[in-house]
Every structure is written in structure tokens, then in C-alpha cells.
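**Student:**
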Amino acid sequence: MQRRLILRGAGASAAALTAGSSLTACGTGGGGEMELSDEPVELRLTWWGSDTRAELTEQAIAAFEAEHANITVKGEFKDWSGYWDALATTTAADDSPDVLQMDEQYLASYGSRGALLDLGTAGEFLSTDGIEPSVLETGRLDGVQYAMPIGVAVLSCVVNQDLFDQYGVSLPDGNTWTWDDYAALAASLTEASGGAINGSGLSGSDNGSIRYWSRLHGGELFGEDSKVVLDPQTLAAQWEYWLDMIASGACESAAQMVEGMNAGIGGDGMSTGKIAMGFLFNTQITAMREASGANMQLVKMPGSGEVDANYFKPSMYWSVSSQSEHPAEAALFVDFLVNSTAAADIIGTERGIPSNTAALEHITADLAESDRLAVEYMNSVTPGPPAVVTPKGGSELEPILRRNAQQVYFGEAEPLAAAESFVEELQGEIDAAK
Amino acid sequence: MSATTELRALRGRGVTGKPENKAAFLFLLPWFLGLFVITLGPMAASLFLSFTDYNLLQPARFSGLDNFTRVLGDERLHQSLKVTFTYVLVSVPLQLALALGLALLLDRGLRGLAFYRSAFYLPSLIGGSVAIAVLWRTVFGADGLFNQGLALIGIDGPGWISEPGTALGTLIVLNVWTFGSPMVIFLAGLRQIPRMYYEAASVDGASRSRQFRSVTLPLLTPIIFFNLVLQIIHAFQSFTQAFVVSSGTGGPADSTLFYSLYLYQRGFGAFDMGYASALAWLLLLIIGAFTAINFWASKYWVFYDD
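Residue numbers (the working numbering), protein chains in the order written: chain A, 1 to 434; chain B, 435 to 740.
Spelled out as C-alpha cells, the structure:
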């Protein structure tokens, strides 16, 4: 295995060395005379996600192909971690798919290294007029639009109403509850079930939860100039909160969390009915309802009645590779996916609440129940200022966070020391990428 | 025409420039291509990259020995070395002991030997596969088969894979379980020991255990040595099991962070291919050193009967 790995890396890199110069040239000068071809064109589209997403995307591709007789689109999809490995290697080998699904954590890593097309140069084929300006802004780096926000998501507390009913506990009031209320409620659920379930999942080891917590306490994760401004004291306090939750049995154990994480949606504690409350992005409720078969509901985040700490996160983006030989067609395809009601009808809210306001209005009329819940929840949230985009080199955020949080939860590190090490390591990755 | 006359005819016509030789080179070409294009070429490229700062997306920048000096202060690398050494030093001796024990048992001329040999060999064939790693994750999960077994005798087992204290242990067990290939080699070795040595020993009144210590073990040392070298190299390169069991994280809390998994994370997760290339070469040196030590030490305990 070892040797094969070296080979994969080196093979890709050898190609990249020769491709490097043409790649950067492409990134800056990107198709001044971009035009549609009359010849048959084949585009490659790649994304990460579930089987449901794959089916919907294939349908959207078919609808696009029906409108444009000379363009065929080949879809490729993977799971989250395999996706980024493959994207890094194909891009290095100058073989990147034309259109790719992009995430906030990787946008700067790719965009500022010249791997993505400046969508501004394709304005003739790709309109950004229908997108809320503050959302559109999240796809920009130094004023260049490298990515088209597909949809928006917002953090939510997901509760399993079936379990609440079963153990005779009433649902919380999302407008007023605090983290203390959350802890008390979780403990009462564990108690009412006689230990059969835990009231809450174990949080504090993902990007969303630490951002929310720090904003609640007047801080932020990232600041200007690619600085990690998170106060280690704040993060340590959050971890101490969860340590208390583990100790009291209000939330699942660290081992259960690890197990759930490895299993993914469908095998985690929330889907299997072993925990009654957890934190997810609002649009994930569709997948969660499907996986669990339970009556899941969305409640506002604890503490959101006092501080507007929540934020609209662009759930994902479409980007066009700077290596694409057909940037015009690729842009046209992105335009179809984001701006057309035909695509909106097919995709719904599966990739987030549509960022195109007209498309959102169009589908709101007849939404499935879980989609309706997601949209209603979104409308009920008052967001604070937009979160600062993860800087280049910050794509290691979650691995570093997860590791340090686990060391705290398994009792191998002190919260403050681990929080300081998290900030230091993350800053180190970002500085190394400059 | 028989083979020998054909050979003679070939020799008579000289070696180079003949159609037969061209054919030979043509048939060897795929192998040569493979060697140069997918082995030596990439190895050279990775050696070059190990002296550069290379993020996969932009051209590599020469950075001298930076990657190699970085090794000293990299705490995660040190953790991965600790994990890997523990894995190698614990699992290889256990695996070889088990393989030898079963080989001795099977060598007694059991009925249905062929069946047992195949059955024991099977884990070696599939043990490194993704499917088995997935199975392992399920068997040793909190609600897995293993804990269900323990529950029968009243023990409430932990989530073996998801506790930092036991996660590496399950992977060691997985490696020990793939004892089949050294076992088959041991079996072949046992068959090569001339029966007359045992006959002579029993005439002299040596007990079974004395025969094992004084005849079997010394004559088997070349085979033990061979298996030891091979399995150590194999264990150092372990990747798939930890990658699948921890979903690529090396977790919980870096407790299963194998060296090659860390290398992979740096190269493909953190866009740090220059450093990853340096790590790959360092692993080659580590394995080389271990093998050299093995060969040096073999002078003192390996016995060649010729």
C-alpha cells in the first residue's frame, strides 16, 4: 500500500509540474473570448453526497441535456473525504472535472491557488442577479467570484419528538432557552428513559458548533488577515460544558460519539434513536428523517434568544475549474443549476435552501414536509453578521479540531491546553499555506 | 526440436540482434514500462519533491532540507511512530508464534489437512481488504458481535474501536489473525526437515520437546528469519485497516494513526505533498534500517544446514 501511495502522489505531481505554468496562466486570463461551441461538448461534473443527491443530480443533468442538444454531462460522485482526495489529485494531474461542488472550508485553498475560474469572466452565460448579495459575497475571494453559492443552511437543534413523547418530556421553547436549560432538559430525558437513551449527542468537535459558541460569547473563529482569533478560554469553557454533560449522562459518551461519527448519518445515535437532541444544519433534517423514520423537529439554538449568534452558511457552491476546456458551457450549466426553476423543481432543498430568491419562491409553494420545516426554520432565525470565510490552508480545521476535542473528551488533555494547541496548530497550517 | 538443442542453436547464432531476442524484449516491454513509468519514475519524482514545498495545485518550490528538519518537531509524526512501532513490535511476534504453533499442529498429519490449511490461510488473503476492515469495525463496535458474545457471560464490553485505549489493540488482533501466509511457509519448512534426524534423536532417547528444541527449531531458523523480515516490512506499511476503521482520521484521538496514514493525511488532506514525500522516504529508511539490523542479528541465531 505504502508504495502505491508514493506512486499515486508522485505520478500526479510529475504531471502537475509540467502543468503548473499553464494552470496559473489560465486562472488569470480565463477565457476573454469565451463562447459556446456548436460542436458536441462533454462536461464532467463532480460532487460529494448521498445516494438521494446523486439521483436528483442525474435528473437535473438530464433536464439540462434536453435543453442543450450538443452538450452531454458526465456525473461523478463520492463521499466527503474521498471527494477531496480525488479532487486534489485530479487537479494536480491537470484532469479536473469542469464543474465541481465546492465547500466553504476549501474555497480559499483552491481559489487562491489558481485552480478555479473567475466566474466574472463568464457573466455572459452565468447570471448572479438572482442571488442575495450577502450570500453571493461568500463565494468571493479578494473581490473575485470563484464560486456560486448553491444554497444556504443555518445551524439548528434537531429534536426527536417521538422520544420526547415516549418519555413524557415536553419540547423546549427555542426562543428563550439557554445552554443551562439545554443541559437540564437533556439530563431529564436520560433520567426519564432510565438510561435507555441519552438526552443529547456530544458536540463541540465540529466547525459549526465552535463557531456558534464563540459568536455567542462575542468572539469569532477567524478574523482579518487569515488570523485565528478564537479565544482559547471560550473554547475550553465549551469543552468543559460538554465534559459535565458526559459526566452526568446527559449526553452520550465520547466513545459513542466516535462510533456515530464513523458510521455517518444512518448509523449515528440520532438516526438510531439513541439520543434525542443534537445539532445539525437545518437542511439535514430531510436526510435525518429518512434515516431514522422518526418525527424530527427543528428548534432554535440554545442562547439564540439573547444573542444573534447564528449565521447563514453557504451550504455549498458550484465552481468551474480553471482547467476546463469548455468554460462557457460549464458556466451555462451552473447557471441552469442555480437559476432555473426547472432545476429547482428537481433539486428542492437537498443542497440547501436555494440561494436564488426566485427559485426559492418557486418551490416554496409545494414543498415536502421536511423541506417546509427547513425553510420555515430558516425564516424564523435572525442571523448575526456573516461568518468570516475559512482562509487558505484552513481546510485542516475539522481534523485538528476533532483530534483536540477527542483528547479532552477521553480525558487525555486539559481543556485549556488542548484549546491553545488547537488555535496554534490551525494558525500554523494557515501560515504554512501563505 | 528439444529444448537443449534449441538452446544450443541459439547460442551458436550469437546473442544480440536476432529476431528471437527482439521478441524477448518485446515481451519484456510491459514489465520494463511498468518498472520505469509506475515505479522508478514516480520514486525519483517523490525524491525530488521531498526537497520542495509542494501543495499539489501550484508548482513545487525548492526548500532544501526543510521537510527533513521539520520531522524533529512534528509531534503528530512522533505519535504515528509510537503507534506504528507498537503495532509492529507486538503484532509480528504474536502472529509468527501463532503461525508456527498451528503449523506444528497441522504437520502431525491431521485428517483433512488440506481443508484446515486452506481455512487458516483464508484470513491472509482477505485480511488486508477493505471489506474485512469494515467487518472488523462492526464486530468490535459497542453493539458488535464481540460484545454480544461477552454479554452472554455477563461482561459489558466497551466500544473497542472507539476507545483510544483499545482501538490499536483491535488492529493488532486483526493483523495477528492473518497468520496464514507465514503458517504455510512454516509448514513447507517443517516438511523439509529430514525424518532421519528425528529417528536418530528418538533412538538417543530424546523427548518430543527436546526434539523440538534441538532439531526442529534450529533447522527452522532460516524460515523464521524469512517470515520475520517479510512480516515486519508488511506491518510497517499497514494502511488500509486503520484508514477504514477510523474513517481516515487515525482516531479516536490519534490512537490508530499509522505512519502511512499520517503521510496520506499530510499529502492529500493538507496539500502538503512535499513533506509527505519526505515522510515516504523516511519510512523507506526506517524499514531499510530494520531489515539491515535483522540481517546483522541473523548471524547469531539463524542456522543453515549445509
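Heads up, the beta-carbon is just placed ideally off N, CA and C, and yes, glycines get one too.
Keep in mind that this is a model prediction, so the values were computed, not measured.
Residue 386 (chain A) and residue 151 (chain A): beta carbons closer than 9 Å?
**Tutor:** no
**Student:** In the DSSP output, what is residue 371 (chain A) paired with across the bridge?
**Tutor:** According to DSSP, residue 371 (chain A) bridges with nothing at all.
**Student:** Distance cutoff 9 Å, beta carbons only. Does residue 435 (chain A) sit that close to anything in chain B?
**Tutor:** Any property of residue 435 (chain A) remains undetermined from this structure, which presents chain A solely from 1 to 434.
**Student:** Any residues in the segment 228-259 of chain A with a beta carbon nearer than 7 Å to a beta carbon of chain C? Which ones, in chain order?
**Tutor:** Going by chain labels, chain C is absent from the structure shown, which instead holds the protein chains A and B.
**Student:** Taking the alpha-carbon positions, what's the residue 737 (chain B) to residue 650 (chain B) distance?
**Tutor:** Answer to the nearest angstrom: the Cα atoms are 11 Å apart.
**Student:** Would a C-beta distance cut-off of 9 Å place residue 497 (chain B) and residue 715 (chain B) closer than the cut-off?
**Tutor:** Going by C-beta atoms, residue 497 (chain B) is not nearer than 9 Å to residue 715 (chain B).
**Student:** For residue 679 (chain B), which residues from the same chain have a beta carbon less than 8 Å from its beta carbon, with the 5 sequence-adjacent residues on both sides left out?
**Tutor:** Around residue 679 (chain B): 567, 570, 571, 595, 601, 604, 605 and 690.
**Student:** Taking only beta-carbon atoms, is residue 581 (chain B) less than 9 Å away from chain A?
**Tutor:** no
**Student:** Measure the Cβ-Cβ separation of residue 212 (chain A) and residue 155 (chain A) and say whether it is below 9 Å.
**Tutor:** yes
**Student:** When Cβ atoms are compared, which residues of the segment 402-413 of chain A fall closer than 7 Å to chain B?
**Tutor:** Listed by position along the chain: 402, 403, 406, 407, 410 and 412.
**Student:** Could you tell me the alpha carbon to alpha carbon distance between residue 178 (chain A) and residue 400 (chain A), rounded to whole angstroms?
**Tutor:** 28 Å
**Student:** Do you know whose CA, among A:201, A:63, A:358 and A:340, lies nearest residue 250 (chain A)'s CA?
**Tutor:** Among A:201, A:63, A:358 and A:340, the Cα nearest to that of residue 250 (chain A) is on A:201.
**Student:** When burial is assigned at 16 or more other CB atoms within 10 Å of the CB, is residue 671 (chain B) buried or exposed?
**Tutor:** buried
**Student:** Compare the C-beta of residue 449 (chain B) with all C-beta atoms of chain A and state if any pair is closer than 9 Å.
**Tutor:** Since pLDDT at residue 449 (chain B) reaches only 49, below the 50 mark, its modelled position is unreliable, and no value is offered.
**Student:** Could you tell me which uninterrupted alpha helix (DSSP H) segments, each at least 4 residues in length, are contained entirely in the segment 206-267 of chain A, listed from first to last along the chain?
**Tutor:** Uninterrupted alpha helix (DSSP H) stretches at least 4 residues long and entirely within the segment 206-267 of chain A occur at 207-216, 232-248 and 254-263, given in chain order.
**Student:** Expressed to the nearest angstrom, what Euclidean distance is found between the alpha-carbon atoms of residue 433 (chain A) and residue 233 (chain A)?
**Tutor:** 26 Å
**Student:** From residue 561 (chain B) to residue 554 (chain B), what distance separates their C-alpha atoms?
**Tutor:** Whole-angstrom Cα-Cα distance: 12 Å.
**Student:** Kindly list the residues whose CB is nearer than 6 Å to the CB of residue 257 (chain A), restricted to its own chain and excluding five residues on each side of it in sequence; keep chain order.
**Tutor:** 202
**Student:** Taking the continuous beta strand (DSSP E) assigned at residue 39 (chain A), which residues delimit it?
**Tutor:** Premise fails: residue 39 (chain A) is in no beta strand (DSSP E) and is neither H nor E.
**Student:** Check each residue of the segment 85-104 of chain A: if its Cβ is closer than 8 Å to any Cβ of chain B, include it; give the result in chain order.
**Tutor:** 85, 88, 89, 91 and 92
**Student:** Does residue 114 (chain A) have its Cβ less than 9 Å from a Cβ in chain B?
**Tutor:** yes
**Student:** Looking at the structure shown, is residue 581 (chain B) part of a helix, part of a strand, or coil, going by DSSP?
**Tutor:** helix
**Student:** Taking 8 Å as the cut-off, does the segment 273-283 of chain A touch the segment 374-386 of chain A (at least 3 CB pairs, one atom from each stretch)?
**Tutor:** yes
**Student:** Tell me the residue span of the alpha helix (DSSP H) that contains residue 532 (chain B).
**Tutor:** 509-540
**Student:** Looking at C-alpha atoms only, which residue of B:584, B:608, B:552 and B:532 is the closest neighbour of residue 563 (chain B)?
**Tutor:** B:608
**Student:** Can you check whether the C-beta of residue 415 (chain A) is within less than 9 Å of a C-beta belonging to chain B?
**Tutor:** No, residue 415 (chain A) does not count as interfacial toward chain B.
**Student:** Mind checking who residue 153 (chain A) pairs with in its DSSP beta bridge?
**Tutor:** A:313
**Student:** Cβ of residue 485 (chain B) less than 9 Å from any chain A Cβ?
**Tutor:** Interface with chain A (9 Å Cβ-Cβ cutoff): residue 485 (chain B) is excluded.
**Student:** Show which residues of chain A have a CB atom less than 8 Å away from the CB atom of residue 598 (chain B).
**Tutor:** 406, 410 and 412
**Student:** Determine the chain B residues that contact residue 109 (chain A) at a beta-carbon separation under 7 Å, and present them in chain order.
**Tutor:** Chain B residues near residue 109 (chain A): 705.
**Student:** Note down, in chain order, each residue of its chain lying with its Cβ closer than 6 Å to the Cβ of residue 28 (chain A), except the 5 sequence neighbours on either side.
**Tutor:** Because residue 28 (chain A) sits at a pLDDT of 37, beneath the cut-off of 50, its placement in the model cannot be relied upon, and the following sentence gives the value as read from the coordinates. For residue 28 (chain A), where only same-chain residues beyond five positions count, there are no Cβ hits under 6 Å.
**Student:** On the DSSP letters alone, give me the boundaries of the alpha helix (DSSP H) that residue 139 (chain A) sits inside.
**Tutor:** That residue, residue 139 (chain A), is in no alpha helix (DSSP H); it is neither H nor E in DSSP.
**Student:** Kindly indicate which three-state DSSP category residue 278 (chain A) falls into: helix, strand or coil?
**Tutor:** strand
**Student:** What is the residue span of the alpha helix (DSSP H) that residue 74 (chain A) lies within?
**Tutor:** Counting along the chain, no alpha helix (DSSP H) covers residue 74 (chain A); the unbroken beta strand (DSSP E) around it starts and ends at 71-78.
**Student:** If I measure Cβ to Cβ from residue 182 (chain A) and keep anything under 6 Å in the same chain, skipping five residues before and after, which residues do I get?
**Tutor:** 302
**Student:** What's the gap between the Cα of residue 277 (chain A) and the Cα of residue 167 (chain A)?
**Tutor:** 14 Å
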